[in-house]
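Engineer: Got a structure for you, written out below as structure tokens; questions coming shortly.
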Amino acid sequence: MHGHRPLAPTSAPTIVLRDPRPGDMGWVIRQHGQRYAEEFGWNSDFEALVAEIVAGMMEHHDPAWERGWIAEVNGERADSVFVVRKTAQDTQDAPVAAPPHSPVAFAATHPRRPWPGFGWPLDG
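Everything in the sequence shown is counted per our numbering, starting at 1036 for the first residue and increasing by one.
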């Protein structure tokens, strides 16, 4: 093989799913605002909505019904997913009818993730 070295095998990424820590929720808001602006041209009103949802979850967190995770790949935040309890008021204000107390999930996926197979759909 004239001067060519075989490629060293690459190791699989280290993926950790963990509870949110201080600073993570601001990152979640930023990721949502930035990604939806880049991909869909949405303005900062959407980022404000995400901030409102995140603040509500942080202020009124019900650990029996709600949970959030931050996914790290090789020690860097990569994704997030949250399941929050939908209230009757949320259902009343929603543009699409949903049963009261049904869970609501939202995720922020890094658009240029270099690791295959990381991420999952939120719908069935």
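Cβ coordinates follow ideal geometry from the N, Cα and C atoms, glycine included.
#1: Whole angstroms is fine: what's the gap from residue 1052's alpha carbon to residue 1067's?
#2: Counting only runs that start and end within the stretch 1062-1108, where is the alpha helix (DSSP H) found for 4 or more residues in a row?
#3: For residue 1096, I'd like the list of residues in its chain whose CB is within less than 8 Å of its CB, leaving aside the five on either flank, ordered along the chain.
#4: Is the beta carbon of residue 1048 sitting closer than 9 Å to the one on residue 1108?
#5: Here's the rule: buried if 16 or more other CB atoms are within 10 angstroms of the residue's CB, otherwise exposed. What is residue 1117?
#6: If I'm right that residue 1101 touches residue 1120 with Cβ under 8 Å, what's the distance once you round it to whole angstroms?
#7: If you draw a straight line from the alpha carbon of residue 1059 to that of residue 1103, how long is it in whole angstroms?
#8: Using the beta-carbon count (16 or more within 10 Å), is residue 1056 buried or exposed?
Structural biologist: If we stick to the structure as given:
#1: Translated into positions along the sequence shown, residue 1052 becomes position 17. Translated into positions along the sequence shown, residue 1067 becomes position 32. Cα to Cα, the separation comes out at about 19 Å.
#2: Contiguous alpha helix (DSSP H) elements confined to the stretch 1062-1108 occur at 1079-1094, taking only those with 4 or more residues.
#3: On the sequence shown, position 61 is the one that residue 1096 refers to. Non-local C-beta neighbours of residue 1096 in its own chain, meaning closer than 8 Å and more than five positions away in sequence, are absent.
#4: On the sequence shown, position 13 is the one that residue 1048 refers to. On the sequence shown, position 73 is the one that residue 1108 refers to. In contact: residue 1048 and residue 1108 (Cβ atoms closer than 9 Å).
#5: Taking the first residue of the sequence shown as position 1, residue 1117 is located at position 82. Counting other Cβ atoms within 10 Å of its Cβ, residue 1117 reaches 16 or more and is therefore classed as buried.
#6: In the sequence shown, counting from the first residue as 1, residue 1101 sits at position 66. In the sequence shown, counting from the first residue as 1, residue 1120 sits at position 85. In this structure residue 1101 touches residue 1120 by the C-beta definition: roughly 6 Å separates them, less than 8 Å.
#7: As a first step, residue 1059 must be located in the sequence shown, where it is residue number 24. As a first step, residue 1103 must be located in the sequence shown, where it is residue number 68. Going from the Cα of residue 1059 to the Cα of residue 1103 covers about 11 Å.
#8: For the purposes of this step, residue 1056 is identified with residue 21 of the sequence shown, where counting begins at 1. By the C-beta density criterion, residue 1056 is exposed, having fewer than 16 other C-beta atoms within 10 angstroms.
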